[in-house]
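Chemist:
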Amino acid sequence: ILITGSGKQDRDETIFDHKPFAVIADYLTKKGFAVMRVDDRGAGKSTGDFNNSTTADFALDVEEHIRYAKSLPMIDANKIGLLGHSEGGLIAPMVAARNKAVAFVVLMAGPGIPITDLMAMQNEKVLKSVGVVPAAIDAYIPLYKQIMLTVISSSNKQEAINKSTALTKNWLNNTDKAFVKATTNISTEADINSYATSIAETLSTNWWKYFAAYNPQPALQKLKCPVLALNGSADIQVPAAENLNAIEAVLKKAGNKNFTIHKFEGLNHLFQKCTKCTVAEYGQLENTIEPEVLDTIGDWLARNSLK
């Protein structure tokens with residue numbers, strides 16, 4: 658069962674002109690695996706309210722997918738596994754931790770650290786990838802993290818906006834104006850209100866508030882089934898070293914006896930060989946997913962689920 662990343666995705670997890678889940682499903686089907694792909698709530702042929710849903714709701718959807726798979730006569734109910742990409746790599750452990758029907762888990766660029774830390778790290782790497790100088794990034798990241806924590810703890814959107822505006826004004830008064838412009842594009846009083854309102858409104862949605870407050874480690878600690886965790890060394894959205902190291906440490910501490918951690922050199926968040934390694938480059942690259950990634954997944958599944 659494939660689980661998509663963040664944002665309303667179709668069953669192929671279409672990103673730019675790429676359809677990574679279609680490629681993965683095709684590869685694994687040819688290897689003899691049955692693969693289920695599902696449109697997210699409100700996408701494609703799926704009904705439901707995506708905009709007011711949270712990661713926890715998407716985990717419930719996956720449990721419904723498991724129930725459906727178990728009802729199919731051609732499916733071995735003892736060998737149902739989850740493959741999640743990005744946010745899907747956070748959802749898979751949530752489900753597997755409480756559902757004994759999950760026989761194995763594959764995490765593709767799945768988070769291993771608290772999301773507040775992950776998002777600060779992601780913003781840092783994204784800014785660096787587009788040429789923002791390190792000093793400006795260092796000045797900005799504490800503000801972003803502070804706003805994120807403030808919005809999570811705010812009781813309503815207006816409170817979040819007011820507090821974010823105050824934080825931004827204080828930061829502006831104590832920060833080099835060139836750094837401010839480079840990271841937030843703020844140059845006038847009106848820009849302050851626009852920036853703070855925009856970021857607070859974004860982070861105040863049901864999905865964001867739940868996601869930003871989430872720590873994936875408690876769910877990872879409960880995984881006793883085989884786990885394959887993959888990432889690319891050039892991933893700027895879920896940085897490989899920090900997240901793979903955290904996943905490995907948690908699984909070791911929990912006593913999981915069957916897990917594999919693999920970092921692919923030079924691959925981005927979509928597991929493409931990248932040159933600029935920016936988000937914008939995803940759609941400019943020809944390959945949807947590198948063959949070595951598919952082979953790694955296929956070989957590991959053959960060893961761990963077809964015994």
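In this note's numbering, each residue's number is its place in the sequence shown (first place is 1) plus 657.
C-beta atoms are modelled at their ideal positions from N, C-alpha and C, and glycine is treated no differently.
1. How big is the Cα-Cα spacing for Arg694 and Gly738?
2. Taking 8 angstroms as the limit between beta carbons, can you name the residues of its chain near Lys964, skipping five residues before and five after?
3. Cutting at 7 angstroms between CB atoms, please list the residues of its own chain near Gln803, excluding the five before and the five after it.
4. Give the secondary structure of Lys930 by DSSP, where H, G and I count as helix, E and B as strand, and everything else as coil.
5. Nearest CA to the CA of Thr712: which residue from Trp864, Ala766, Lys909, Asp706?
6. Closest to Ala817 by CA distance: which of Gln894, Lys785, Gly767, Ala853 is it?
7. Determine the extent of the beta strand (DSSP E) in which Met765 is found, giving its start and end residues.
8. So, at 6 angstroms on beta carbons, what are the nonlocal neighbours of Ser703 in its own chain, with the 5 sequence-adjacent residues on each side left out?
9. For the alpha helix (DSSP H) containing Val719, list its first residue and its last residue.
10. Indicate the three-state DSSP secondary structure (helix, strand or coil) for Phe836 in the structure shown.
11. Across the stretch 799–815 and the stretch 893–906, are there enough close Cβ pairs to call them in contact, namely three or more that are closer than 8 angstroms?
12. Does DSSP put Thr917 in a helix, in a strand, or in coil?
13. So which of Ser811, Pro677, Phe836, Lys727 has the shortest CA-CA distance to Ala758?
Modeler: Reading from the atomic positions:
1. Start at 1 with the first residue of the sequence shown, and residue 694 comes out as number 37. Start at 1 with the first residue of the sequence shown, and residue 738 comes out as number 81. If I take the Cα positions, the gap works out to 13 angstroms.
2. Position 307 of the sequence shown holds residue 964. With a pLDDT of only 44 at Lys964, under 50, the local geometry of the prediction cannot be trusted, and the value read off the model is given with reservation. There are no such residues.
3. Residue mapping note: residue 803 aligns to position 146 of the sequence shown, counting from 1. Hits under 7 angstroms: Leu824.
4. As a first step, residue 930 must be located in the sequence shown, where it is residue number 273. Three-state DSSP puts Lys930 in a strand.
5. The residue given as residue 712 occupies position 55 in the sequence shown. Comparing Cα positions, the closest option is Trp864.
6. Taking the first residue of the sequence shown as 1, we reach residue 817 at position 160. Closest option to Ala817, Cα to Cα, is Ala853.
7. Residue numbering aside, residue 765 sits at position 108 when the sequence shown is read from its first letter. 759–765 is the span of the beta strand (DSSP E), which, as asked, contains Met765.
8. Locating residue 703 in the sequence shown gives position 46, where the first residue counts as 1. Sequence-distant partners of Ser703 (beyond 5 residues in either direction) whose C-beta falls short of 6 angstroms from its own C-beta, in its chain, are Asp696.
9. Along the sequence shown, one-based indexing puts residue 719 at 62. Per DSSP, Val719 belongs to the alpha helix (DSSP H) from 712–728.
10. Translated into positions along the sequence shown, residue 836 becomes position 179. Looking at Phe836 - three-state DSSP - the assignment turns out to be helix.
11. no
12. Position 260 of the sequence shown holds residue 917. Here Thr917 sits in strand by DSSP.
13. The residue given as residue 758 occupies position 101 in the sequence shown. Per the Cα distances, Lys727.
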